[in-house]
Amino acid sequence: MKYSFASLLRNAFSYHENWQSAWRSPEPKREYDAIIVGGGGHGLATAYYMAKEHGMRNIAVIEKGWLGGGNTGRNTTIIRSNYLRDNSAQIYEHALKLYEGLSQELNYNIMFSQRGVLNLAHNQHDLRELSRRVNAIRLNGVDSEFLNPQQTKAFCPILNVSPNSRYPVLGASLQRRGGTARHDAVAWGYARGANNLGVDIIQNCEVTGIRQSDGRVEGVETSRGFIGAKKVGVVVSGHASVLADMAGFRMPIESHPLQALVSEPIKPMHDTVVMSNAVHVYVSQSDKGELVIGAGIDGYCGYSQRGSFPIVEEQINALVELFPIVSRLRMMRQWGGTVDVCPDASPIIGKTPVKHLYFNCGWGTGGFKATPGSGWAFAHTIAQDEPHELNAPYTLERFNSGYLIDEHGAAAVAH
Amino acid sequence: MSQGYRLFNGGLIQRDQPRTFRFNGQEYIGFAGDTLASALLANGVHLVGRSFKYHRPRGIFSAGSEEPNALVQLEVGAYTQPNIRATQIELYQGLIANSQNCWPSVEFDIHQINSVFSRLLPSGFYYKTFMWPKRMWMTYERVIRNAAGMGKAPTENDPDIYDKTHAHCDVLVVGTGAAGLSAALAAARTGARVIVADEQSTAGGSLLSRRIQLDDEPAGAWVDAAVLELEALENVTLLTRTTVTSYFEHNFVVAAQRLTDHLPLGSCGDQPRQRLWKIRASQVILATGAHERPLVFKNNDRPGVMLANAAQTYVNRYAVRPGHKAVVFCNNDSGWEAGLDLSDAGVQVTLVDIRGQAAPELEAQARDRDLEILTNHVVVTAHGRRHVRQVEVARLNSDADGLSGSSRIIDCDLVCMAGGWNPALHLFSQSRGRLSYDQNLSCFVPGESVQAERSAGAANGTFDLGFAFSEGREAGKAAAADAGFRQRTKSVSPKVDAKSNSTDIRPLWLVPSASDHPPAKSFVDFQNDATAADLQLAVREGYRSVEHAKRYTTTGMGTDQGKTSNVNALAIIAQITGASIEATGTTTFRPPYTPISFGTLAGRDVGEFMDPVRRTPMHEWHRAHGACWEDVGQWKRAWYYPQEGESMHDATRRECIATRSAIGILDATTLGKIEIRGPDAAVLLNRIYTNGWKSLPVGACRYGLMCAEDGFIFDDGVTLRLAEDRFLMHTTSGNAARVLDWLEIWLQTEWPDLQVYCNSVTEQWATAAISGPFARQLLAELCTDVDLSNQAFPFMTWCTGHVAGIPARIARVSFTGEVSFEINVAADYGMALWSQLMLSGEKYGITPFGTETMHILRAEKGFIIAGQDTDGTVMPADVGLARMVSSAKDFIGKRSMLRPDSLREDRHQLVGLRTDNPKEVLPEGAQIVAEIKPEPPIEMIGYVTSSYWSEHLGHSIALAMLEKGASRHGEQVWLSLADKQVRASVCDPRFYDPNGERMNG
Amino acid sequence: MLLIECPYCGPRDETDFKCGGEAHITRPEKPADADDQSWGDYLFMRTNSMGTHYEMWCHSHGCRRWFNVCRDTLSNKIHAVYKMGEPPPRVDDPTRSRSQ
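Right, dumping it as structure tokens:
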């Protein structure tokens, strides 16, 4: 059923009793042409683009819990493509462009709100880096501009730009096309879209093993039995190492807690997204009115989906320093996710030592913004058994050759 | 109106201490001991706010921190706070509060129109529309955003200060009800260090709300005695107004204490407003009580509909009648107890029980009081908009899934809901304990403990008060014993006389309605306006997982985080899907239990205390001479010293010329200094640095380059050999701590056989670097015990002597390209040295220069700055320092320099750039492009890392990393700036004195 | 916040320490002889166990000594703390242990 104001009106007369389920809950088949392990945004997007762009219909997404229950439902929903390296700019920009038409394409309002993303500079070193980045991003065909402190203040009036702060704001870069989207809606929209193209979405089905013979994948062992597959794509966010271990290889990845928190909902006070690496915090305000606040990863490995309290204290110090008027507002909820961090802060999207087994992982703190681009490129990689040029550099082999794509500056990871 | 609903007797309020306050502009009077909610009810005010989505009128729903409805904007101006629960605000003189999320007033709110269109606004309606035309979304969204949110943020900075403290204890008891106080007493009597915390203003918990006899006296007497005993014990810290909000691993618990929130504004001087307690407890006892559940029927959100225990609390604790004519709608005995208490306070009561009968003694008491009793009945709907006027009641059919017979109307102005109890499992769940569903009690109870933790009393599903006392006592003893305090003590629980003790309950999660359609106005989550129909819709549309349903309907996502809604919601979902409640499961309980102010979480670590400021011993001199500052790590370094009317560029031009032509002086104290000592010190350096160290003679200095194991430059600096077994390493200012860590990790983990110690001595030394043609002459004046001639004291050596009478270590190193002496003295002598150098140098025109001039002078020489000209992807060969990479030995990072990518021919390499227009100073960060094109994308082949105006050379200079740069000297390249293209030619990065004759001279 | 028992100083809050990542990664004895793959493995490949994890910590705001911790990365339970050079203790947790 197409979503529209008209359908909403029509259904209102029937007390909303005629809406259909956004996705089926099928029993798994014995075999699929391809299985995507992981029902987060990236996995669902992958399945959607495999069906839509590559005509693969006999495919399934397998999720151990509920759709979007990992980092898709735990992040701070920031979308931007202001990355330094050419390769990064291309894949994140592809994602951003897909986001720009995604509500219409999926017929599901993901509430992508392009209210701009500010990255602050607090010292001469930051300014230099910012300038390099703004220039590179612009020349890569992505929008980016530099703001001085007064312009920054005008764009974000609640920001403290006093020169007497401990680390004053000396300038900012602005990507106007950046912003936020409703994270759950991205997962649900892709799930509904994939379902409508015939993809089986199977929740509460945990993968416990990856069956292979002669170095070729044959399917997955799950909590609901063996499911055969000609190809298997793994996109499980923080748990990439666990799945790689099942397949018999290791990953250049460490899984770390990443925390976020929200304030109580308040009337609109902050209409953009502000990120600062030096005074380490990032802040936006959701459509519901909550300030959504995040910062860097915790310092040690962990799969506990919760973080360490001192990290939260630090990010709130930074919050109150940058936005002193929020001091009397209150933290309503804090939580954590598990992110998989690569040594160069760039992802791995491609083939593995096992034939027809593909991995998409290592997005660190930056996965949500890449969702459509990641799914699009990964779908191509699986369908064609060959990476698209967008993700060709993001191989596992780069950690042997040294061809790293260093994005530490862009990743907002404390370093 | 003056407290028309106040009882003449009873309660814990102080009738001799009236408090005047304003609500929505109207002045009222309450008493000390009131909350804002009880004071409003005493004045007959029920309508307090409007709901989030439909702007339905809402009243006071509870008497505690679970309140979803009665949220107010407390105070005005800088002190204002949104979304504060009226039920938790202690009344003080002069309090001002206003309704929020309504306009123009809470009585006539223009947005109640939403309620009319509510059918168009089911859960998730925004996912289905606002998509066309595409460009309109931002307009739609502005309307959505303005409609959302609740209270308003302050627009001024917070005038209050906040505080934090760390505490350790053997036993932490959370809650001071029957179980909590018993536990605290039992543990404290063993001598264990005990912290007891309760969110309320006084201890007692539900004992303050009920009419209980303990040892044949009112419960208050027992509570008072317990508090007296605890307060008298030195090993006990009793914290009231302190909410334990968060429970992390290893028994780390966070609590927020409200120190002055209950006092009139401006009456507390410079006391902190709140304090954050960070507690490490050996053992934790959770005696957090239970929350009463509402019942889900049509219009159950009308003002005047509240939880039964809330009505009971208002009558007993606050001496307020919340109505004159009450209908108590219950499914267990606790509603009867509330009904009896209300009746005794003069309220006319009708009891509507889903069950066929209550405990016989309760039924007898109800009959004694002539209460109307309707068993096997339900309240089907409430009537009345801004206040409940009537309810419709009907008989349940025998299967409890429909109604039998016709309904009847009962007039009332108060509806009390007693839907059973949910143990407050928030902290238990945060401790990672799993919940289990108890069929008999119809609620979740704590499963096995994961940490050193016990639950006791109602928090453990022990609703019988007598058992709660004994369970608390046993928990206290056991926790103390587990913490090592096994002393046998005497603790006896009081004899309990309470009206209701039975746990007989008949759950009915959704009251059947007369209509066939989903119950659209039967609210489950009151704050977020999520109804039973919304949950049905979510399940119908596939959002069947409890997490999906929560997110789709926003149930449990309000400021109360679902304290009154979560269990009802998941039971209704279970009912719809046919799954068991246990299998449906709960959503995760997240910290904090109740919201914490950001100010409290930040404490004192804001403003000047956000990060420590490091200052050199000469800082005051720089300040007095007008220095502008650059933040380098935590250091404040002098950036440049503008004189009257000078711009930054004027100042640096002057400073540069003075240094090149006369003498400049730089405060170089901030450079990291690490002393490395031991028989294997040279071996360590040999492994850490890319170049060789074993042959360096004592008395000499050498520049070293340090790489990480990935082969990329990590730090650089000059190291002095002080003795055979002793070196002094210099690091970049911002990297000192990291380099020391770097040395230590290799020494301790990989090379424990090396006999070396490393120690930071950065703060032990003050360093003044004098540089320029007259530097030697000046130094000779002040230093008579060293032969400063070039033969006796050549470049890259050091010696000791006295400068201005101060013992000094002098190194002949140069970052400016001129003859330079770095004079190191004990930090305390820094200022004396500096002052004397300035005094004696005056005749030579000595000029202090800051980091900016230092950067220009070194760029003229083509010296790199690690972290500016390198970015973590640069190898020594890339910056023309291949000669510093030893082929004779292994060192950290060497192997990585042989990876395929390291050997690529098109790597970026350090070059100099000269702009065609010599006056054009390139911006740092400018990109070098392969070709000029009108539109991006344009291929980039390099970028500018450093760029300055060189006054000495008379043209601009820049350093850049350029693809194949080393082989491009002489070529022309284009730089694409934001507003123009600039052409430059590639050159050797050494612009000035390429052979180093000046600094060697 | 973890409570970590420094083998030299005793139990301290996590904020006293710094984590240095996975322990017992051996540096190739002769790096020059390592091929790209084994050097890449040494540099970047990690066990990243979900469950029992052996890792290095430094008491950076205390004695500055490095030591090893065996911690469960799901529950954050610390099974053992042991000094550099000591063999890793065996932790019998077959449901979780993935590392050697």
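Which chain is which? The protein sequence lines are B, D and F, in order. Numbering-wise (the working numbering), the first sequence opens with residue 1 and increments by one. Numbering-wise (the working numbering), the second sequence opens with residue 10001 and increments by one. Numbering-wise (the working numbering), the third sequence opens with residue 20001 and increments by one. Idealized CB from N, CA, C, for every residue including glycine.
For the pair D/W10421 and D/H10291, the CB atoms are nearer than the 8 angstroms cut-off. Of the candidates D/C10416, D/G10711, D/D10534 and D/Q10274, the residue whose Cα lies closest to the Cα of D/N10300 is D/C10416.
Between the alpha carbons of B/I349 and B/A392 lies a distance of about 8 angstroms.
Rounded to whole angstroms, the separation of the alpha carbons of D/G10177 and D/V10567 is 23 angstroms. Contact check for D/G10925 and B/R132: beta-carbon distance about 3 angstroms, within the 8 angstroms limit, so the pair qualifies. Against chain D, the CB of B/M331 has a partner CB under 8 angstroms away; the residue lies at that interface.
The alpha carbon of D/D10482 has as its nearest neighbour, out of D/A10827, D/Y10689, D/I10892 and D/I10285, the alpha carbon of D/I10285. It is roughly 6 angstroms from the alpha-carbon of D/K10499 to the alpha-carbon of D/E10337. Counting along the chain, the unbroken beta strand (DSSP E) around D/S10246 starts and ends at T10242 to F10248. In terms of CA proximity to D/I10195, D/V10254 leads the group D/V10254, D/H10250, D/D10224 and D/L10214.
The beta-carbon distance between D/G10466 and D/V10496, rounded to whole angstroms, is 4 angstroms. This is short enough to meet the 8 angstroms contact definition.
Residue-level contact by beta carbon holds for D/H10250 and chain F, with a gap shorter than 8 angstroms.
Taking 8 angstroms as the threshold, the shortest C-beta distance from D/D10680 to chain F does not fall below it. The beta carbon of F/L20003 sits closer than 6 angstroms to those of P20011, all from its chain and outside the five residues before and after it, given in chain order. Only R10119, L10120, P10122, F10125, Y10126, Y10127, K10128, T10129 and F10130 from the region 10103 to 10130 of chain D bring a Cβ to less than 8 angstroms from some Cβ of chain B. With respect to the C-alpha of D/S10513, the residue from D/V10106, D/S10771 and D/G10405 having the closest C-alpha is D/G10405. Shown here, B/L147 sits in a strand according to DSSP, grouped into three states.
The DSSP-derived three-state label of D/Q10527 is coil. Contact check between the region 10019 to 10035 of chain D and the region 10928 to 10936 of chain D: fewer than three CB pairs, one atom from each, fall below 8 angstroms, which does not count as touching.
D/D10034 and D/A10418 have their C-alpha atoms some 24 angstroms from each other. Partner residues in the beta bridge of D/A10418, as assigned by DSSP, are D/C10330. With 16 or more neighbouring CB atoms inside 10 Å of its own CB, D/R10302 falls in the buried class. Across the set D/A10480, D/T10503 and D/S10431, the C-alpha of D/T10503 shows the shortest separation from the C-alpha of D/S10442.
It is roughly 15 angstroms from the alpha-carbon of D/H10802 to the alpha-carbon of D/W10765.
Classified as exposed, D/Q10357 has fewer than 16 neighbouring CB atoms from the shown chains inside 10 Å of its CB.
Nearest Cα to D/I10928 within the set D/F10598, D/R10914 and D/K10164: D/R10914.
Taking a cut-off of 8 angstroms on C-beta distances, the region 260 to 280 of chain B does not touch the region 377 to 393 of chain B, as fewer than three cross pairs fall below it.
About 6 angstroms separates the beta carbon of D/M10999 from that of D/V10819, a gap short enough to meet the 8 angstroms contact definition. Counting only runs of at least 3 residues, the region 10533 to 10566 of chain D fully encloses no beta strand (DSSP E) element at all. The shortest C-alpha to C-alpha distance from B/E105 to any of B/A383, B/P372, B/L404 and B/L396 is the one to B/P372. The beta carbon of F/M20056 sits no closer than 8 angstroms to any beta carbon of chain B.
Among the residues facing chain D, B/Q259 is not included, as its CB has no counterpart in that chain under 8 angstroms away. For D/K10964, no alpha helix (DSSP H) encloses it, and the DSSP letter there is neither H nor E. The beta-carbon distance between B/I297 and B/V242, rounded to whole angstroms, is 18 angstroms. This is too long to meet the 8 angstroms contact definition. Three or more pairs of CB atoms, one per stretch, sit closer than 8 angstroms, so the region 165 to 173 of chain B contacts the region 117 to 127 of chain B.
By the CB criterion at 8 angstroms, D/I10373 and D/E10392 fall outside the cutoff.
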